[in-house]
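S.K.: Residues in the sequence shown are numbered from 332 upward in steps of one, following our numbering.
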Amino acid sequence: MDKGDGVTDKAKQTSIHLKSLDETRFFGRTLGELALPGDVICLDGDLGAGKTTLTQAIAQGLQVPDSEYVTSPSFAVFHQYPGRIPLYHMDFYRLHDVSEILDLGLDEYFSLSGLTVIEWPTRASGILPDDRLELTIENPGDDSRIIRCACLPGWETRLADLFRQYPGLLLESTMGH
Ligand code: ADP
Ligand code: MG
Numbered sequence: 332m333d334k335g336d337g338v339t340d341k342a343k344q345t346s347i348h349l350k351s352l353d354e355t356r357f358f359g360r361t362l363g364e365l366a367l368p369g370d371v372i373c374l375d376g377d378l379g380a381g382k383t384t385l386t387q388a389i390a391q392g393l394q395v396p397d398s399e400y401v402t403s404p405s406f407a408v409f410h411q412y413p414g415r416i417p418l419y420h421m422d423f424y425r426l427h428d429v430s431e432i433l434d435l436g437l438d439e440y441f442s443l444s445g446l447t448v449i450e451w452p453t454r455a456s457g458i459l460p461d462d463r464l465e466l467t468i469e470n471p472g473d474d475s476r477i478i479r480c481a482c483l484p485g486w487e488t489r490l491a492d493l494f495r496q497y498p499g500l501l502l503e504s505t506m507g508h
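This is the structure:
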């Protein structure tokens with residue numbers, strides 16, 4: 332199976348429309364509630380797209396205490412937060428090469444019992460687990476966001492349930508087909 336840049340051809344694609352910051356927070360909290368030990372969520376998108384904002388909401392959904400504020404670890408690359416399961420927040424913005432990630436041993440967290448959330452995941456191209464959730468956030472220049480989701484069955488079932496419950500989030504989907 333391809334371990335390259337994208338989730339493979341077998342991935343299901345979905346686009347969702349978040350109409351406000353509140354909807355981003357809702358979506359993030361829900362992802363945090365759905366997360367299972369060993370999950371990996373990749374957040375792609377330009378500066379200001381909302382990757383750290385979404386991570387903060389995911390942390391809330393994981394019951395990370397408010398006192399543990401999730402901030403951009405760009406200067407730190409990695410930060411771990413305690414929650415229902417641990418949150419491993421990684422930001423590869425300042426890294427240039429996969430070898431830097433391997434030297435830091437960060438890939439070892441992907442299979443531990445927490446949730447890994449990665450900003451700038453293209454820096455880790457080739458070493459990410461297949462069964463990850465890839466979210467690409469687009470900022471149209473207002474407070475709404477379009478998020479393109481790609482994943483394999485491990486996430487698909489959970490997301491399909493979520494979208495059945497909240498169909499208003501969906502723009503288009505090949506999930507459940
Ligand atoms: P990134 O980590 O992708 O560089 P940040 O999360 O740091 O982006 O910044 C996103 C900014 O956009 C924040 O100031 C946030 O309040 C703002 N914002 C406005 N609307 C939204 C939305 N719907 N979703 C996410 N962020 C939003
Ligand atoms: Mg960020």
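The beta-carbon is built from N, C-alpha and C at its ideal position, and this holds for glycine as well.
Measure how close the beta-carbons of residue 469 and residue 380 come, nearest whole angstrom, since I'm counting them as under 8 Å.
M.R.: Rounded, the Cβ-Cβ distance is 7 Å, consistent with contact.
S.K.: Under 8 Å: do the stretch 382-396 and the stretch 359-371 share three or more Cβ pairs, one atom per stretch?
M.R.: A contact exists between the stretch 382-396 and the stretch 359-371.
S.K.: Could you check the C-alpha separation between residue 409 and residue 415 for me, to the nearest Å?
M.R.: One C-alpha to the other measures close to 19 Å.
S.K.: Between the alpha carbons of residue 493 and residue 429, how many angstroms are there, rounded?
M.R.: Approximately 33 Å, taken between the alpha carbons.
S.K.: Which ranges would you report for the beta strand (DSSP E) in the stretch 337-394 if only whole runs of at least 3 residues count?
M.R.: Entirely contained in the stretch 337-394, the beta strand (DSSP E) runs reaching 3 residues are, in chain order, 343-349, 371-375.
S.K.: Which residues mark the beginning and the end of the beta strand (DSSP E) in which residue 479 is found?
M.R.: First-last of the beta strand (DSSP E) with residue 479: 476-482.
S.K.: Measuring straight from C-alpha to C-alpha, what distance separates residue 439 and residue 388?
M.R.: Taking the straight line from one Cα to the other gives about 24 Å.
S.K.: Quick check: the Cα distance between residue 335 and residue 451, rounded to an integer number of angstroms?
M.R.: With a pLDDT of 47 at residue 335, under the threshold of 50, the modelled position of this residue cannot be trusted, and the question is left open.
S.K.: Tell me whether the beta-carbon of residue 485 lies closer than 7 Å to the beta-carbon of residue 461.
M.R.: The answer is no: Cβ separation not under 7 Å.
S.K.: Identify whether residue 432 lies in helix, strand or coil by the three-state DSSP scheme.
M.R.: The answer is helix: DSSP assigns residue 432 an H, G or I state.
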